[in-house]
Amino acid sequence: MSRQPVGPAALGRGAATVEQHRETHRRFRRRAVFGGLMLAVVAGMFGWRLASLQLLEPERFVAHGEAQRIKTLRLRAGRGAIVDRNGVDLVLSVPGQSMIANPRRVEDPVRAARALAQVLGADPEVLERRISSDKSFVYLGRQVDLEVAEAILALEISGVYAQEEWERIRPGGDSALSILGRTDIDSIGISGIELVYDGPLSGTDGERKFEMGMRGASIPGGEYSVEPACNGRTLVLTLDRALQFEAERLLLERVEAVGAKGGVLVAMHPATGEILVSATVRRSADGVVRISSEHLAVTWTYEPGSIIKPLTVSAILDRAVAAPDTVREVPPRLKVHDATFSDSPFHETVELTLADIIRRSSNVGTILWAQDLGAEALHEQLREFGLGSVTDLDFPGEASGILHPAGRWSGTSLPTIAIGQGVSTTPLQMLVAYSALANGGVRPAPTLVLGTRDDDGVFEPRRPGPSLSVLPAAVAAEVVGMMEQVVASGTGTRAQVSGYRVAGKTGTAWKVLPAGGYGSKGNRSYVASFAGFLPAEAPRLAVIVVVDEPSGEVYSGGRVAAPVFAEFARFAVRQLRIPSADERVEADREGRVMALTPARHAILREAAEASRLEQSGELVAASATSG
Amino acid sequence: MTAVLRHPRLGLGQRIDDGTGGRAVVRPAARSAVALAVFGFFATLLALAAFQSVVVSGQFEFDRLQRRLEDGRDRSQLLRAEVARLESPGRILEVAGGRLGLVSPPTRLYLPSVVPGDPLTILLPPVGDPFSRTYR
């Protein structure tokens with residue numbers, strides 16, 4: 138029996154090769170399976186990652202991607218302008234530059250601070266502290282001049298940039314400052330009209346979104362959307378800039394001339410209550426008289442003195458206690474309870490009509506009639522004129538004045554209140570009361586705002602406040618007639634305006650001293666005032682002038698305040714085009730020669746020349762030649 | 444001599460038996476169509492690139508105009524403020540009294556308040572704000 142070889146040797150050479158191939162094949166399969174598994178694991182990991190990115194938390198990555206390529210630009214709404222009744226800019230916003238820095242990107246803070254301090258005029262140590270901080274945003278200077286901003290950018294300091302901001306400016310300087318008010322550096326109203334109308338003036342910011350490519354350029358066809366900013370509305374005031382300036386100029390001169398502490402002038406259209414002027418000046422601690430930032434016409438209360446007498450007389454006439462020509466014996470002095478009242482200048486006992494009492498501003502005569510009228514009736518009438526309560530002006534800090542109920546009056550209250558002492562009002566309250574007399578007994582609601590305008594020029598008028606009838610028109614006309622006599626031949630002759638019938642009343646009130654009481658002759662302080670309107674037959678302008686504490690010999694309302702009224706009224710009737718009696722009568726007369734301003738004269742001459750040429754055909758021929 | 448064998452002119456899609464076992468041979472017309480398609484493809488690509496270039500340059504122009512518009516509005520607003528400042532009575536009085544050396548007359552002569560031909564009504568505020576910054 139032969140023995141067979143075992144194993145490959147037994148199979149021969151071919152069998153060994155086949156076995157080797159099988160081994161290689163198995164190894165390959167193992168590797169392939171392993172490789173496949175590895176690839177499957179990697180693919181699975183990728184798949185998982187993909188799923189987690191796309192399905193599980195896509196928002197975060199979408200936001201991340203958008204943050205990289207979508208740029209959102211805030212479109213700041215411009216704050217609306219404030220213009221006067223003729224559309225003249227009183228306050229407006231202009232683009233300004235603020236210098237900012239990213240301290241993390243400033244390479245050499247010390248050197249940068251020194252260079253910036255020279256241009257900005259700031260303390261280098263303060264700047265160095267700011268740009269050495271670990272913040273990513275600091276201000277170097279807010280709302281700097283354009284030249285300064287350009288100079289800083291020219292330094293090419295890394296991490297220092299310019300940022301556009303709105304800057305609020307008043308082209309007319311401090312004129313009407315007390316009314317217009319102020320904004321803070323972020324253009325938010327903090328006082329005056331800026332505060333009251335902050336909402337309509339502010340507007341709403343918008344934004345622009347776009348896809349940003351290299352170097353900040355927008356990608357064509359990329360995402361793009363604009364939500365436009367809604368600018369603040371333009372506020373149209375009732376003020377007249379020219380009148381306001383003239384009033385301030387006159388007050389500054391007068392207060393300086395009579396050595397007073399300050400002065401107020403308010404002018405109003407009596408029928409509508411539109412305030413044309415509200416000027417306030419005060420003497421500063423350094424003795425210089427300046428335009429005040431405080432709107433004293435509504436925030437300052439004082440005892441009005443004799444300018445209250447027409448209101449007292451209104452009540453006397455309305456209750457039929459007396460008529461304008463009712464005569465009464467008026468003594469030089471009158472004792473009521475523990476007080477003695479007298480007239481100035483002194484007179485013996487005389488017979489005066491009610492009209493004479495007003496014309497001569499007799500304290501004793503007014504008190505005698507007021508006693509016949511009674512406290513309740515006087516209080517009621519003064520209340521109806523608006524004393525003791527705030528007006529409809531809606532101005533911050535407006536005072537209501539003091540007018541106690543008749544039930545709380547003392548024995549001397551009636552006589553003192555009848556002549557304007559023991560009661561306090563604001564200058565505006567008195568002007569509103571006078572406007573009621575000028576307006577046929579209808580008290581207007583004072584206003585400073587005509588309305589608002591949007592960007593497209595659409596004007597939205599402000600709804601006027603309610604007008605109240607406080608006196609029959611006939612009674613108002615009688616009082617106006619008496620007030621005309623005051624200016625024509627009484628205490629207010631310095632308020633006369635040539636060509637116009639003026640009705641008004643002077644007031645020289647004693648001022649309460651800081652220690653209390655009114656003091657004695659020689660150490661008294663006064664408030665001189667004049668309130669009136671013109672033309673008396675159809676009033677279109679009511680004005681009150683109040684001068685606080687004139688010093689020296691000249692202190693009466695007739696000598697201190699009335700001349701300011703007259704000077705202002707002469708200017709105002711031209712500005713407001715209120716024709717005089719002569720101008721109304723002769724306006725239509727043929728061939729009448731009127732004075733013209735040079736500019737107006739040139740315009741009319743050119744228009745006449747053009748008309749002549751057009752009629753003769755020369756203009757047409759000249760046009761054809763040039764064409 | 445070598446004779447040149449020419450196929451008779453064939454229409455598109457026609458085949459001839461060239462003795463290679465019935466394999467089809469694409470005629471020149473088909474090759475032209477392919478060439479035309481390739482040309483068309485590249486021409487379309489070129490047109491797209493040109494269009495894209497126009498869009499990009501248009502976008503740049505749009506951005507540039509937008510910036511100019513913003514600058515113009517800013518400039519207009521600054522000029523508006525400057526005009527208001529120059530027209531303010533305070534500045535005019537300052538220049539008259541300062542630079543021009545004028546003095547106030549002792550008595551003032553006022554012109555008539557009403558001039559024939561002038562409108563008696565007060566001028567309305569100007570409409571339309573050319574300095575609107577609504578769109579930026």
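Line by line, the protein sequences give chains A and B.
In terms of the working numbering, the first sequence opens at residue 138 and continues consecutively.
In terms of the working numbering, the second sequence opens at residue 444 and continues consecutively.
Ideal Cβ positions, reconstructed from N, Cα and C, are used throughout, including at glycine.
Legend entry - Neighbour flag for A/R711 against chain B, beta carbons, 7 Å: Chain B, which has a Cβ nearer than 7 Å to the Cβ of A/R711, makes this yes.
Inset, instruction - Please name the residue, chosen from A/H158, A/T371, A/R419, that lies closest to A/V392 on a Cα-to-Cα basis. - result: Across the set A/H158, A/T371, A/R419, the C-alpha of A/R419 shows the shortest separation from the C-alpha of A/V392.
Inset, instruction - Show which residues of chain B have a CB atom less than 8 Å away from the CB atom of A/G296. - result: What A/G296 touches in chain B: nothing, since even the nearest Cβ is about 24 Å away.
Legend entry - Members of the segment 519-549 of chain B that neighbour chain A once the beta carbon cut-off is set at 9 Å: Result list: Q520, L521, R523, A524, E525, V526, A527, R528, L529, E530, S531, P532, G533, R534, L536.
Legend entry - Of the residues A/V569, A/A673, A/E265, A/V450, the one placed nearest A/G511, counting alpha carbons only: A/V450
Legend entry - Inter-residue Cα distance where the pair is A/L176 and A/R163: 19 Å
Inset, instruction - Assign A/I556 to one of two classes, buried (16 or more other C-beta atoms within 10 Å of its C-beta) or exposed (fewer than that). - result: Its Cβ being crowded by 16 or more others within 10 Å, A/I556 is buried.
Inset, instruction - Give every residue of the same chain whose Cβ lies closer than 6 Å to the Cβ of A/P357, excluding the five residues on either side of it in the sequence, and list them in chain order. - result: none
Legend entry - For A/M731, the three-state DSSP class (helix, strand or coil): Bear in mind that the predicted position of A/M731 carries a pLDDT of just 46, short of 50, making it too unreliable to give a figure here.
Inset, instruction - Please say whether A/S572 and A/P407 have beta carbons closer to each other than 7 Å? - result: yes
Legend entry - Segments assigned beta strand (DSSP E), at least 3 residues, entirely inside the segment 179-254 of chain A: 207-212, 226-238
Inset, instruction - Along the alpha helix (DSSP H) that carries A/P700, what are the first and last residues, could you check? - result: 699-712
Legend entry - Proximal residues of chain A, C-beta to C-beta of B/V499 below 7 Å: P357
Inset, instruction - Could you confirm whether any beta carbon from chain A is found closer than 7 Å to the beta carbon of B/D506? - result: yes
Legend entry - Spatial distance of A/S295 from A/L192 (CA atoms): When only Cα atoms are considered, A/S295 and A/L192 end up about 42 Å apart.
Legend entry - is_contact[A/I306, chain B] using C-beta, thresh 7 Å: yes
Inset, instruction - Find out if the Cβ-Cβ distance for the pair A/G629, A/G644 is shorter than 7 Å. - result: no
Legend entry - Check: A/S339 C-beta below 6 Å from any heavy atom of the ligand ATP: For the structure depicted, the ligand ATP is absent and the ligand set is empty, with no information on it obtainable.
Inset, instruction - Please determine, among A/K398, A/D226, A/P583, A/I504, the residue with the shortest C-alpha to C-alpha distance to A/L372. - result: A/D226
Inset, instruction - Spatial neighbours of A/D462 within its chain, please: CB distance less than 8 Å, with the 5 preceding and 5 following residues excluded, ordered by chain position. - result: T490, L491, A492
Inset, instruction - Could you tell me whether the Cβ of B/Q502 comes closer than 7 Å to any Cβ of chain A? - result: yes
Inset, instruction - Give me the Cα-Cα distance between A/L190 and A/F198, rounded to the nearest whole angstrom. - result: Roughly 7 Å separates the two Cα atoms.
Legend entry - Boundaries (first-last residue) of the beta strand (DSSP E) holding B/V526: Where B/V526 is concerned, there is no enclosing beta strand (DSSP E), although the alpha helix (DSSP H) it sits in stretches over 471-530.
Legend entry - Backbone CA spacing between A/F347 and A/S421 [nearest angstrom]: 55 Å
Inset, instruction - Please list, in chain order, all residues of the same chain as A/I554 whose beta carbon is under 6 Å from its beta carbon, the five residues on each side excluded. - result: V560
Legend entry - Cross-chain neighbours of A/L229 in chain B, by beta carbon under 8 Å: Q520, R523, A524, A527
Inset, instruction - Could you work out which residues of chain B lie near A/F382, taking near to mean beta carbons separated by less than 9 Å? - result: Counting only Cβ-Cβ distances below 9 Å, A/F382 has contacts in chain B at S531, P532, G533, L536, in chain order.
Inset, instruction - Could you tell me whether the Cβ of A/G310 comes closer than 7 Å to any Cβ of chain B? - result: yes
Inset, instruction - Look up A/R167 in the DSSP assignment and say whether it is helix, strand or coil. - result: helix
Legend entry - Residues in the segment 235-263 of chain A having any Cβ partner in chain C nearer than 9 Å: Absent from the structure is chain C; the protein chains it does hold are A and B.
Legend entry - Interface flag, B/D514 vs chain A, CB-CB below 7 Å: So no, B/D514 is outside the interface.
Legend entry - Cβ distance (whole Å) where B/L521 is taken to contact A/V231 below 8 Å: Between A/V231 and B/L521 the Cβ distance is about 5 Å, and since that is below 8 Å, they are a contact.
Legend entry - Distance between A/V649 and A/E390 (C-alpha atoms, nearest Å): Rounded to whole angstroms, the separation of the alpha carbons of A/V649 and A/E390 is 26 Å.
Inset, instruction - If I'm right that A/G396 touches A/D685 with Cβ under 8 Å, what's the distance once you round it to whole angstroms? - result: With a Cβ gap of about 11 Å, A/G396 and A/D685 do not count as contacting.
Inset, instruction - Closer than 7 Å by C-beta to A/L608: which residues in its own chain qualify, once you throw out the five before and the five after it? Chain order, please. - result: Cβ neighbours of A/L608 beyond the five flanking positions: S451, D455, A573, G578.
Inset, instruction - Measuring alpha carbon to alpha carbon, tell me which of A/P687, A/A675, A/G669 ends up nearest A/I681. - result: If we check each option's Cα against that of A/I681, A/G669 comes out closest.
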